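Protein chains: 2
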Amino acid sequence: MTIIGVGLIGGSLGLAAKQAKAVGSVVGYGRRRGALHKAVSLNAIDRYCMSLSKAVECADLVVLATPVGTYEKFLSMITPYLKEGAIVSDVGSVKGALVETLSKLTPPHAHFVGAHPIAGREKSGVLAATGTLFRGCSTIVTPTEQTDPNALERVSALWEKLGAKVRTLDPFEHDRILAAVSHLPHLLAYALMETLHHPRIAPLDPVQYSAGGLRDFTRIAGSSAEMWRDIFLQNKDALIETIDAYQESVEAIKKKIMSEDGDGLIEIFEGAKAIRKKVLES
Amino acid sequence: MTIIGVGLIGGSLGLAAKQAKAVGSVVGYGRRRGALHKAVSLNAIDRYCMSLSKAVECADLVVLATPVGTYEKFLSMITPYLKEGAIVSDVGSVKGALVETLSKLTPPHAHFVGAHPIAGREKSGVLAATGTLFRGCSTIVTPTEQTDPNALERVSALWEKLGAKVRTLDPFEHDRILAAVSHLPHLLAYALMETLHHPRIAPLDPVQYSAGGLRDFTRIAGSSAEMWRDIFLQNKDALIETIDAYQESVEAIKKKIMSEDGDGLIEIFEGAKAIRKKVLES
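Residue numbers (my numbering), protein chains in the order written: chain A, 1 to 282; chain B, 283 to 564.
The structure is reproduced here in structure tokens:
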């Protein structure tokens, strides 16, 4: 297996796959020698390769684990070197049109399978990688009508061996769901931080009085900026639709406050408790 | 000391004050005998009293620790029974006009001092109370020109003994700051949960794919609904102003996504990191 991009997710994939003996040797490709060297010493990869062609030419399975905005570029670069029957997969938080694009880019002698392990930490980089990151998490695979069933089976089996619960979704449905449960929450947290810079708020220097409420939100702000830029841009359509629904919810709550509708607020809070219960059970 | 309302905050205040030997005996008032009985067995109060007059008639210090929407009612009910020189304080998350109202309601032979320990947990009720809840947290006192300096000193000294860092703010400035760092974050979390009930989102059943992003937010939904209803309604003006600033921030991010302004997004994410750093240092 070759991992393109040995950061938090790529590094954790290597660590977990090696621990589970789920693959043969693990090769890492990246741009920074220091980080790759670190990945070897952490046992996340067996060896690294700073030449893309050499990194992929012997691989049965190549996993794209760079920010999603770079997948197209990397796949274009590696196609000439993919061996017969090679499988290309990914770990991206966006699927939809991207899966279509990557499937089309994959040469006829290879197979593309979209996958997304729903796992992450507030830290990024290979130093934050752990071999248990995917244990108990959901990994969504997003086959299309063109997806090779054997390749799909191979990718699913790998994630299952790493302890993930593998589930199948249509690529576009995946994006709408992730917009709601992951991309929107991140966007809200960023918007909250941005509000604290607002000219009407910042002069109060509120941050020095930060309470638990704010602390929970700032955790998200520790994530990789490049990764989230790519996710927001790649999942533009589903995310905008979700933001609009969210803005309606904020306006609805605002109206209840303005009209002092206490019972209406309680109703919303009880609805939130129901969601919490479902999340804790999921 | 008499505590009106022995829930998470009232119970923790009793526990901490008794552990620090900061006050004489601690009397608890409440409506539910079972909870009061529990509070005694947890050592949060020395004894309970279900008659308001009897609960306060011997107290040097009476602390209101019910939802903020009930302070006015409770203070009106206890004024005839307050002894000469008694201090009335509170633990409410809203100050502003409420401090004015409560100060005016306090009879001339007693003193009102507004206080707000910025502490909380995702659980409510006396079973969640701990004697260390206020250690290292900020407690804001909100004196006005009419506040008796000795009473202010007494209340400040109590919170310091419990390990809190006591800080002074104008009651209205307090409300604007708390709207930004606490009330708005809670509102956003509730709005997010409400979005998951949105007719365009709910059919996807997204919650079963919940990621870390969503989990962080649902913690907030475990808080007391009555408490948050009262906070939102009592801090209406500052909160609406803050919601408007926030909606502008969401719109700004939305625009950057729509115009595919990746650098603009990165700028926002970096700003968020700066806030995170400040929060972690505060």
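From the three backbone atoms N, C-alpha and C, an ideal C-beta is built for every residue, glycine too.
All figures in this text were calculated on a predicted structure; none of them were measured in a lab.
Of the listed residues the options, nearest to residue i (C-alpha basis)
i	options	result
B:Ala503	A:Ile78, A:Phe74, A:Gly114 and A:Ala272	A:Ala272
B:His393	B:Ile400, B:Val370, B:Ala410 and B:Pro399	B:Val370
A:Glu72	A:Thr195, A:Thr101 and A:Ser93	A:Thr101
A:Glu84	A:Thr70, A:Val62, A:Leu98 and A:Phe74	A:Val62
A:Ile9	A:Val23, A:Ala44, A:Met1 and A:His37	A:Ala44
B:Tyr472	A:Lys254, A:Ala202 and A:Gly5	A:Lys254
A:Trp159	A:His116, A:Leu105 and A:His109	A:His116
B:Asp487	A:Ser138, A:Arg32 and A:Ala180	A:Ala180
A:Met50	A:Thr218, A:Pro80, A:Val6 and A:Thr79	A:Val6
A:Gln134	A:Lys278, A:Asp261 and A:Leu15	A small correction: the amino acid at residue 134 of chain A is Phe; Gln does not occupy that position in the sequence shown. Taking only the C-alpha atoms, the option nearest A:Phe134 is A:Leu15.
A:Ile118	B:Gln490, B:Ala411 and B:Val395	B:Gln490
A:Gly114	A:Ala129, A:Thr139 and A:Val126	A:Thr139
A:Ser259	B:Met283, B:Lys518 and B:Ile286	B:Lys518
B:Tyr363	B:Ser375, B:Ser335 and B:Gly374	B:Ser335
B:Glu476	A:Thr79, A:Glu267 and A:Gly96	A:Glu267
A:Glu57	A:Ile4, A:Glu173, A:Leu265 and A:Ala202	A:Ile4
B:Asp342	B:His465, B:Ile483 and B:Ala368	B:Ala368
A:Pro107	A:Ala202, A:Ala17, A:Leu75 and A:Ala164	A:Leu75
B:Arg482	A:Phe232, A:His183, A:Ala245 and A:Gly30	A:Ala245
A:Lys278	B:Ser492, B:Ser375, B:Gly407 and B:Leu474	B:Ser492
B:Thr414	B:Ala446, B:Ile522, B:Asp430 and B:Gly374	B:Ala446
B:Gly374	B:Ile522, B:Ser464 and B:Asp543	B:Ser464
B:Phe514	A:Ala55, A:Leu265 and A:Leu192	A:Leu265
Burial state of residue i (16 or more Cβ within 10 Å)
i	result
B:Glu563	exposed
B:Asn432	exposed
B:Thr450	exposed
A:Gln19	exposed
B:Gln428	exposed
B:Asp457	buried
B:Arg511	buried
B:Pro453	buried
B:Lys538	buried
B:Lys320	buried
A:His109	exposed
A:Lys104	exposed
B:Gly418	exposed
Cα-Cα separation between residue i and residue j, rounded to whole angstroms
i	j	result
B:Ala317	B:Arg329	12 angstroms
B:Arg497	B:Pro425	38 angstroms
B:His468	A:Met77	46 angstroms
A:Ser25	A:Ser156	19 angstroms
A:Gln234	A:Val68	8 angstroms
A:Ala65	A:Gly120	13 angstroms
A:Ala22	A:Lys123	26 angstroms
B:Thr372	B:Arg314	Per the sequence presented here, residue 372 of chain B reads as Asp, with Thr not at that position. Straight-line Cα distance between these residues: approximately 20 angstroms.
A:Thr242	A:His198	24 angstroms
A:Leu188	B:Leu470	7 angstroms
B:Ile557	A:Thr218	8 angstroms
A:Leu98	A:Thr2	21 angstroms
A:Leu13	A:Thr130	8 angstroms
B:Leu434	A:Gly213	28 angstroms
B:Val322	B:Thr361	26 angstroms
A:Ala238	B:Glu552	24 angstroms
A:Asp263	A:Glu173	35 angstroms
A:Pro203	A:Leu196	9 angstroms
A:Leu178	A:Leu42	31 angstroms
A:Gly30	A:Ala17	18 angstroms
B:Val408	B:Gly293	5 angstroms
B:Gly466	A:Gly28	For the record, residue 466 of chain B in the displayed sequence is Leu; it is not Gly. Roughly 43 angstroms separates the two Cα atoms.
A:Val166	A:Lys95	16 angstroms
A:Leu162	A:Ile240	34 angstroms
B:Thr352	A:Ala128	48 angstroms
A:Asp148	A:Arg154	10 angstroms
B:Val423	B:Leu474	32 angstroms
A:Asp261	B:Ala337	33 angstroms
Contact residues within the region 236-247 of chain A, judged by C-beta distance below 8 angstroms to chain E
Of the protein chains in this structure, namely A and B, none is chain E.
For the region 506-515 of chain B and the region 529-547 of chain B, state whether three or more C-beta atom pairs, one from each stretch, are separated by less than 8 angstroms.
no
For the region 368-402 of chain B, list the alpha helix (DSSP H) runs that are entirely contained and at least 4 residues long, ordered along the chain.
378-387
Segments of 4+ residues assigned as alpha helix (DSSP H) that fall wholly inside the region 415-479 of chain B:
431-443, 453-460 and 466-478
Unbroken alpha helix (DSSP H) runs of length 4 or more, entirely within the region 337-364 of chain B: which are they?
353-360
Could you tell me which whole alpha helix (DSSP H) segments of length 4 or greater appear in the region 220-250 of chain A?
225-234
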